[in-house]
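*Asks:*
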Amino acid sequence: MSDNAISQEFGRRVGVMRRTHKITLDQLAERSGVSRSMLSQIERGKANPTLAVAARIADAFGLSIVHLIEEEIRPSLVEVVDADDEQALFSEKNGCRLRTLTPLHMEKNVEFYELTFAPGGELDSDAHFAGTREMLSVAKGSVEVAVGVEPPTALAQGDTAHYPADRKHKIANRGGEDAVCYLIVSYA
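Printed below as a string of structure tokens:
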């Protein structure tokens, strides 16, 4: 097994243990004395921990390094997309921050996103595959949705719109405050 594969597996096991024990990265950082940033990088396989760091992490779970690595870990049935996971940030342009809430590794015909719009921000989308639909719910602020050549439809906080996304469409914040929306994209 390569060094990279070992780091990836160690990081995966740390993440599984953390979720199994229902503790946050901050809580694990406090228990282990390893920074939250380093723990996040380790879990994502972006950092190769030293033996001392690996020992402190294992100790935080009450395990030796050997037991953390060799012990069969039953993964939690709950999978979490962490709020600060940089890989979940899909795009950030034109005053719109688009973050996926669907686990990245899943094969899916439904995608779930959080959209944050600055005043004047917009998400201008080309047509998706035939039969694709979107459901947009406004959690904060207000937005407009325009589909094809139809005039925009105004949505206020609490409103949800359902529309075909297999034609050009746009979501825009025309208000004076940030808007937060949740978007479900369903592929036929």
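Be aware that the sequence shown starts at 3, since it is given in the numbering used here, and climbs by one per residue.
Every residue, glycine too, gets a C-beta built ideally from N, C-alpha and C.
#1: With a 10 Å radius around its C-beta and 16 neighbouring C-beta atoms as the bar for buried, classify H1 as buried or exposed.
#2: To which residues does DSSP link F114 through a beta bridge?
#3: I'd like the list of long-range same chain contacts for Q43, defined as Cβ closer than 7 angstroms, with 5 residues on each side in sequence excluded.
#4: Which residue from G143, A57, D161, R101 puts its Cα closest to that of N175?
#5: Taking 6 angstroms as the limit between beta carbons, can you name the residues of its chain near T102, skipping five residues before and five after?
#6: Looking at the unbroken alpha helix (DSSP H) that takes in I44, where does it start and where does it end?
#7: For a quick check, are the C-beta atoms of A156 and C183 less than 9 angstroms apart?
#8: Would you say H171 and G150 are within 9 angstroms of each other, going by their C-beta atoms?
*Replies:* Checking against the coordinates, here is how it stands:
#1: Absent from the structure is residue 1, since the part of the chain shown begins at 3 and ends at 190.
#2: Taking the first residue of the sequence shown as 1, we reach residue 114 at position 112. Beta-bridge pairing links F114 to I186.
#3: Reading the sequence shown from its first residue, position 41 is the one you call residue 43. Answer for Q43: A49, listed in chain order.
#4: Taking the first residue of the sequence shown as 1, we reach residue 175 at position 173. Among G143, A57, D161, R101, the Cα nearest to that of N175 is on G143.
#5: Stepping through the sequence shown from its first residue, residue 102 is reached at position 100. Answer for T102: A90, F92, Y115, listed in chain order.
#6: Locating residue 44 in the sequence shown gives position 42, counting from the first residue. Unbroken alpha helix (DSSP H) run through I44: 38 to 45.
#7: For the purposes of this step, residue 156 is taken as the residue at position 154 of the sequence shown. For the purposes of this step, residue 183 is taken as the residue at position 181 of the sequence shown. No, the Cβ-Cβ distance between A156 and C183 is not below 9 angstroms.
#8: Position 169 of the sequence shown, counted from the start, is the residue given in the question as residue 171. Position 148 of the sequence shown, counted from the start, is the residue given in the question as residue 150. Yes, Cβ-Cβ distance for H171 and G150 is below 9 angstroms.
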